[in-house]
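Trainee: Chains as they are written, first to last, in numbering that gives the first Met the number 0: chain Y, 0 to 437; chain D, 0 to 1035. Beta carbons: idealized from backbone N, C-alpha and C, even for Gly. Please see the structure below; I have some questions.
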Amino acid sequence: MSAVRRYHLGLDWGTSTTKMILRDYEQGRAFVLMHDGGIPTYRYPSSIVLSDDRIFFGFEAEKRRQEAERAIDALKADIYNKALTHAGGTSMSELEDIATLYLAHAISLGRNFAETHAKRDNARALIGITLGVPAEELEQSAFRQIYMRMVRCAYELAMHTGYSPQGDSYSHAQKGLAWARERVETNGGYEATPDSYKQWLRPELAAAMYWGIKSPQIQKDLYSCIDIGAWTTNASYFRIHSRLGSAEKDSIIFFGGQTGGPGVIKLLTEIASDHGQHFISLFGHEERWLCGSGCSEHIDNFKEGCFKVWKEGFRKAYQLEPRQDAWDGRVNVMVVGGGSKIPAVKKHFIKSFPHSGWQPGPSVPDLGMPSDLYNFPDQGTIPRQPFKGDYTFLLVAYGLSVHSGDFPHTTLSPQVPPFDPQSRRPTPLDPEDLGYDV
Amino acid sequence: MKKIQVGDLVRTMSGVPRMGKILEIIFDEQIQETLARVHFADGTETALLRNLEYYDVPADPWEDLVRGRLSAAAPFRTLLTFVRIKTPPSPIISAFGTARVRFYPYQFKPLLKFLENPNQRILIADDVGLGKTIEAGYILREWRARQGLTNVLVVVPARLKPKWQQELKQRFEENFDLVDSREIKTVLNRVMRGGELPEFNWIASYETLRSRKMVSLMDEVRPALDLLIMDEAHRVRNRKTNQHRCADILKDCADAIVYLTATPVQTGIDNLYTLVRLLMPDTFESRMMFDEVTEANRPIIRACQMLSRGELQEAAVELERLGTQRLTASLMNDAYFQDVIRRLRTIDIKDRAALVRLQRDVNEFSLLGFLLSRTRKVEVMENWPVREPQNPHIELSDDERDIYESVRFILQLLNPEREGWASTLAAITAYRYTASCIPAAAAYFRERLELGELLPGTKDLGREEEREFMEFLRDRDEDWTGEIDVTTEIRKAIENILNRCPSLGEDSKYSAFLKVLNDIWDYDRQQKRPPRKIVVFSYFKRTLAYLHQQLSVRRIATCIIHGGIPIEERLDRIEQFLNEESVNVLLSSEVGGEGIDLQKASVIVNYDLPWNPMVVEQRIGRIDRIGQQADRLVIVNLVAEGTIEQKILLRLYERIGLFRESIGEMDEIIGPLDIQKLIVDALRGDLSDDEIRERVDQNATAAQQKLQEAKQLSKQVDGLLAADQAFLDEINALIRTRRVPDPGDLKTLLLEILEKKFSGIRYTQDRGRKPGTLTLGRDTVQTLGNWARTYSAEAHRVAQRFQFQGTVPVTFDADTAMDHPRTEFIQARHPLIQFVIGLIERDSAAQPKTFGLRSRTKKLLPGIWVLGIWSLTLMASRPETQLETVACNLKTNIVLTGYDADDLFVACLDDADELDMAIHSIQRENVERCVPLVKDAYSQRRAAVIQEAKETEERKLSRVRSTWIQTLTIRRDAAKKRLELMIQKGAKDFALRMARAALEKRDKALKDKEAELSSVSSVDWKEKEIAALILVIEKP
């Protein structure tokens, strides 16, 4: 069995669910990993429980939640908050251990899929992975180190030992973890060159834009993406361009943005409350409520709330862009997420612009699903149908499922030098110096 | 093995074969492998270095096939679309599916014949309404693509000039200029003075070309024409006329000639002979020769007809009759002819391929086959719609009748002898305004009175009126002033009109019109079907404007088109009428409706009746043509009781059956000027009612008789021409075997390549019969613009359109393009397709050639096949490329070629998706066994095809040789006989000397031709391996 088949696993570890996409480099396809949670789903719970000194993840954890001694939810957020404030250098002990074990478990799921797939061609699977990071602070060494430690140990455990901690005793799992850490340290430690860490870690923000960059519908230009999600609204500003001036879009610069404001849940809560109901009762009928005419006042407030986030994001991003004049009427607007389905909200973003007196730019149409996205095939045979389902929640995993060598060169907002407004007009920077096509 | 480095060209060793250039080599610490960043044709990507090989020689697709390195269905389709456009395996690729017309296979028949005819001459004599203009357009398009035409002249009757210009522009994107005698003379005089003949696409009228001065100028200059198209060519049949003389000169100037006519078939063999003689003067020098050919042709025609009915023995007997004809007696000694007869007697009727070939072979004996093309309505549409004329009763009110009489009175006050014909015509126009629509006429008179002028000047006339007036005046050598002295009597008459004019929307004709509309739509409601679309024709813009206004008051949506509306706007309105459910009335003048097919409408209202029956025919022809879905067409004529229109026009037109059937070229039977004179005489009060009736009846009886004769003659002539099944079969086979890419293929090709190479590409799908939209990003537009500048003016136009419009409405479907004239119609010749073809060519080395496909179809038995596809080009007198498919069954090793393998080829293109590679891995040894069988079968097939081509070439040459030798021998013998006769009669020395010189000349011509044709025929060929593939057929 000498043939090898190369895969890359995109691991979008979310606060409540984890999404995984396995890219088969041989056929150029991205497979959505589906899990059996009663019905097939790509949302694998991020839940972890400890029960009888055993550790369980995902659906197994959900099953045992009631009788578990300890349930760990929103681990991702805890890790993120601690990593931001952590001095770095050493482990954050227990939280980090549990998170690493969860990641090792998730990677082992991906590994199983890849090996099944490769086996049908009598080939051995070579699997690379990239983990999504919910921040742009990867340049900070301490922050990066914590994530590198987790992902590398998890990879070491899952790939090189074939081990999955699912259902194992927690103490045994910790031993495995210690072994993995030792191996990583023996092999050069956790610190890595930028080229190397970009292979392991990728900001979720950049990953989410990968399909946008890859889609033939998007051309090199300036964009703003307003993602009106369930809990918050996120506004980002970025430029897609080519470093070599060729037709190929190979670079993206983020100018930052803003997260906050209202999410769709807040709006639904308000509407439901008017009718004496809980917002959950509106699930499944959201469209009727949000697109109907009975709640226009709530929608107007919601719209304004989202717009404020966009405006604040604009203020921040604008400061980083030396070619400010070029923004007038040129910022292509993408409105995505659940809130974008409310016509009045979408229209508002398309017709207005956060900077008073400036023309709104063209709106980007729905890009549709990535053309290479497939369901993972049964028994590893070739899929007949592309992925069917709501792909919008998979775009981060999709953007993580490519090797760093295939991902556009990314400049995050902390890396963009702050711009002195005073010197802007007298000494404008040559756009070519900044790597833009003129 | 050479170590791979940055900058090397490499090829993937596993999976789909891809070629690219190494940009960077990196070590991946995760998987502990060396990766390379490679710039492939479809983008940059990392690949395992160990899976790359140095790429220096083109790969053997068969080796890849055995190794299971297969690409999928999409690149296969792209490759095959590219191949079929680049080296078309069809003689009609440039014309096929590239015009904004509905697709009818028979319309390609003349093109195929034209291409087959070594002299590139054809007479198209289809029935009216089958689209002769489109057939000529196809020839123009194909011939232009092949020959790069620089000078094309289209000659048509004056009234059809705008129609031709519009049709060529809208359907074929051909820009033609309408030229008059001044413009032609300017160019020809410049050439006479030593200047170069400029490039031109001209449309000129017979009326322009027939003047004596023009004919002699043409004769002197003899401008070189690449293509000459003459519509209604029967106009040149009278050899004593200048028109014939002009045609005689033009035929010598033109490399290729297309004559269009429906009438010579209707008016007899004599006229047909005149046209045929103009096309091939050497072959058909005498009427006797023509008769002999047509007589000899009859058994061939009958044999072809029998063959297409499957009566093979009877066809053989018919062919043997050729032995009794002087002209064809020699065939009985011809081995090939005998072989055809033998095949007719022995062939297996189930052998489809052999039958089609036999049909073609028999057709080759047809002596007129390639020169004439005729399609009859009954051949292409079983149930041609029935015309149902309706003449609702319209009784004018007393006031209206008074107005009508007042205008007639004005006319009577004018004396052509005193005021001149021009003034009289002005008064006639005023009268016709009134007959058309009294309120519109009154408004007009009121306006004129305020201006102090009473009757129209030239600037008030629409294009159609002006055109007719000018023609009329030219005939009388008059100048047009359009001014009439206002006498007291005339002023009184006009004031009377203005005082008694009915209120707007309340005149009798409009009320009758409204009732017609309501009756039609009420009936539709009862029948539970959508309201019919109605085209209302009027001669006058003011009438149309009046109807538009009044109908809008009643909330009936209308679209209005006439010559005063810019063409782009007109197209928008027509598009609206054709496609919007809420708009069911189109108000049109003659010019407005020219060149536009309105088959979606099934009702025509003649709000006024033109004085020329051909204009009426043209109006009805907008809806009564191929593609009409309704089984009956309603023709409503709004003519008031007791008016001259009713007494003369309606009566005459009804008698000659104008509203009931297409009757061809009426100018030949009853001229517009005859009718005009009769009406003017009647209006002026020179004729009593009885006299009017008598003259109408006389005209009608004469016309009816001629029409009756025409029908008889037409049947007679049909027996000489209708045997074109082989050509139709060829066209149908091209479609069935997918030798020409369909709209879906083109769409996939365009979008796949653009999306791969550029960004910012957005396409929204056509929905139903509505066009989609295409947006190209800035980079694409820029690259397209750069390419277009050096490619063609049309490409430049397209690039500009994308640059300025951003998002452009597009369609790949000819039907949609026809309904939406301003939509960019993307067909095989469209610049965008040519642009992507160029891009593919640039990367051709990196194109995959091995494929794995799976088809779920009921049409074929399940099985696994190894297929090879080759492109084989035969360079004979007519170069021809064929796509050859050879298939070998993996289990049984049965090998299929030709027609039988084509079914598998079609399955690959039609509904195949990709193959599960596991099947391949199981069958690898079997695949290996099939490959040499496929290659051997192809070699044998190639040898057979080349052998067949050599034989065909030899036959063609021998046919040309024998025709030439026969023709020249007959001429030489005639000269010899003449000389002998003169010697016998003791003719004078001068005459004998002339006769001897003639004999010498003809003898020399014969010898020269014999020497020229003695060279041996040869067929060179070249081939290209297109693809190797595995096709799995499964049950659906």
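List the endpoints of the continuous alpha helix (DSSP H) containing Leu-343/D.
Mentor: 334-345
Trainee: Can you tell me the Cα-Cα spacing of Phe-834/D and Asp-27/D, whole angstroms?
Mentor: A direct Cα-Cα distance of roughly 39 Å separates Phe-834/D from Asp-27/D.
Trainee: Is it the case that the stretch 73-91 of chain D contacts the stretch 240-247 of chain D, given that we only count it when at least three CB pairs across the two stretches are under 8 Å?
Mentor: no
Trainee: Give a yes or no on whether the minimum CB-CB distance between Gln-218/Y and chain D is below 7 Å.
Mentor: Yes - at least one Cβ of chain D is within 7 Å of the one on Gln-218/Y.
Trainee: Verify the contact flag: Val-332/Y, CB atom, against every heavy atom of the ligand NAD, threshold strictly below 6 Å.
Mentor: With respect to the ligand NAD, the structure shown offers nothing to examine, as it has no ligands at all.
Trainee: Does the beta carbon of Gly-434/Y sit closer than 7 Å to a beta carbon anywhere in chain D?
Mentor: Any answer about Gly-434/Y is weak, because its pLDDT of 44 lies below 50 and its placement is not dependable; what the coordinates show is given next. No, its Cβ sits nowhere closer than 7 Å to a Cβ of chain D.
Trainee: Which term fits Cys-500/D, buried or exposed, when burial requires 16 or more other beta carbons within 10 angstroms of its beta carbon?
Mentor: Classification of Cys-500/D: buried, given that the 10 Å Cβ count is 16 or more.
Trainee: Mind checking the stretch 113-128 of chain Y against chain D and listing, in chain order, the residues whose C-beta falls within less than 8 Å of any C-beta there?
Mentor: Arg-119, Asp-120, Asn-121, Leu-125, Ile-126, Gly-127 and Ile-128
Trainee: What does DSSP give as the partner residue(s) for His-408/Y in the beta ladder?
Mentor: Paired residues: Ser-250/Y.
Trainee: Only counting runs of 3 or more residues, tell me where the beta strand (DSSP E) segments fall wholly within the stretch 194-245 of chain Y, in order along the chain.
Mentor: 200-202, 220-227 and 232-240
Trainee: State the Cα-Cα distance for the pair Pro-808/D and Val-797/D, rounded to the nearest angstrom.
Mentor: 12 Å
Trainee: Suppose only complete runs of 3+ residues qualify. What are the beta strand (DSSP E) ranges in the stretch 175-241 of chain D, listed by chain order?
Mentor: 199-204 and 224-229
Trainee: Out of Ile-1032/D, Gln-598/D, Asn-296/D and Ile-437/D, which has the shortest C-alpha to C-alpha gap to Lys-857/D?
Mentor: Ile-1032/D
Trainee: Can you look up Glu-1009/D in the DSSP assignment and give me helix, strand or coil?
Mentor: Looking at Glu-1009/D - three-state DSSP - the assignment turns out to be helix.
Trainee: Could you name the residues of the same chain whose beta carbon sits closer than 7 Å to that of Gly-337/Y, not counting the 5 residues immediately before and after it, in chain order?
Mentor: Within its own chain, the residues whose Cβ lies closer than 7 Å to the Cβ of Gly-337/Y, once the five positions on either side in sequence are excluded, are Ile-227, Gly-228, Ala-229 and Val-263, listed in chain order.
Trainee: Just the Cα atoms here: how many angstroms apart are Leu-831/D and Leu-873/D?
Mentor: 29 Å
Trainee: Name the residue from Ala-1027/D, Ile-1025/D, Glu-1022/D and Arg-971/D whose alpha carbon lies nearest to the alpha carbon of Asp-1002/D.
Mentor: Arg-971/D
Trainee: Quick check on Asp-778/D - is its C-beta less than 7 Å from some C-beta in chain Y?
Mentor: yes
Trainee: If contact means a Cβ-Cβ distance below 7 Å, which residues of the stretch 241-253 of chain Y contact chain D?
Mentor: Ala-246, Glu-247 and Lys-248
Trainee: Mind the definition here: the stretch 169-178 of chain D touches the stretch 85-104 of chain D only if three or more C-beta pairs lie below 8 Å; say whether that holds.
Mentor: yes
Trainee: Would you list the one or two residues that DSSP bridges to Met-874/D?
Mentor: Answer by DSSP bridge pairing, in chain order: Asp-1019/D.
Trainee: So if DSSP puts Arg-855/D in a beta bridge, which residue, or which two residues, is it bridged to?
Mentor: Glu-1033/D
Trainee: Measure the C-alpha to C-alpha separation of Val-15/D and Ile-21/D and round it to an integer number of angstroms.
Mentor: 18 Å
Trainee: Leaving out five residues before and five after Asp-401/D in sequence, what residues of the same chain have Cβ atoms less than 6 Å from its Cβ?
Mentor: Arg-499
Trainee: What residues in the stretch 382-408 of chain Y have a beta carbon less than 9 Å from any beta carbon of chain D?
Mentor: Arg-383, Val-401, His-402, Ser-403, Gly-404 and Asp-405
Trainee: With a cut-off of 8 Å on the beta carbons, I'd call Ala-886/D and Leu-903/D a contact; round off their distance for me.
Mentor: 5 Å
Trainee: Nearest-angstrom Cα distance between Asn-50/D and Thr-11/D?
Mentor: Each residue's alpha carbon lies about 6 Å from the other.
Trainee: Which value, in whole angstroms, describes the spacing of the CA atoms of Gly-9/Y and Tyr-937/D?
Mentor: Rounded to whole angstroms, Gly-9/Y to Tyr-937/D spans 48 Å at the Cα level.
Trainee: Please classify Ala-1027/D: does DSSP put it in a helix, a strand, or coil?
Mentor: In the three-state reduction of the DSSP assignment, Ala-1027/D falls in the strand class.
Trainee: Spell out whether any CB of chain Y is found under 7 Å from the CB atom of Ser-758/D.
Mentor: yes
Trainee: Report the residues of the stretch 3-36 of chain D with a CB closer than 8 Å to any CB of chain Y, ordered along the chain.
Mentor: Ser-13, Gly-14, Val-15, Glu-23, Ile-25, Asp-27, Glu-28, Gln-29, Ile-30, Glu-32, Leu-34 and Arg-36
Trainee: Could you tell me the distance, in whole angstroms, from the CA atom of Lys-532/D to the CA atom of Glu-574/D?
Mentor: 13 Å
Trainee: According to DSSP, simplified to helix, strand and coil, what is Phe-26/D?
Mentor: In the structure shown, Phe-26/D sits in a strand (DSSP, three-state: E or B).
Trainee: Give me whichever residues DSSP pairs with Gly-127/Y in a beta bridge.
Mentor: His-7/Y
Trainee: Suppose you measure from the CA of Leu-1039/D to the CA of Lys-848/D; what does that come to, to the nearest Å?
Mentor: What the structure shows of chain D is the stretch from 0 to 1035, and residue 1039/D is not part of that stretch, so it cannot be assessed.
Trainee: Any beta-carbon of chain D closer than 7 Å to the one on Glu-155/Y?
Mentor: no
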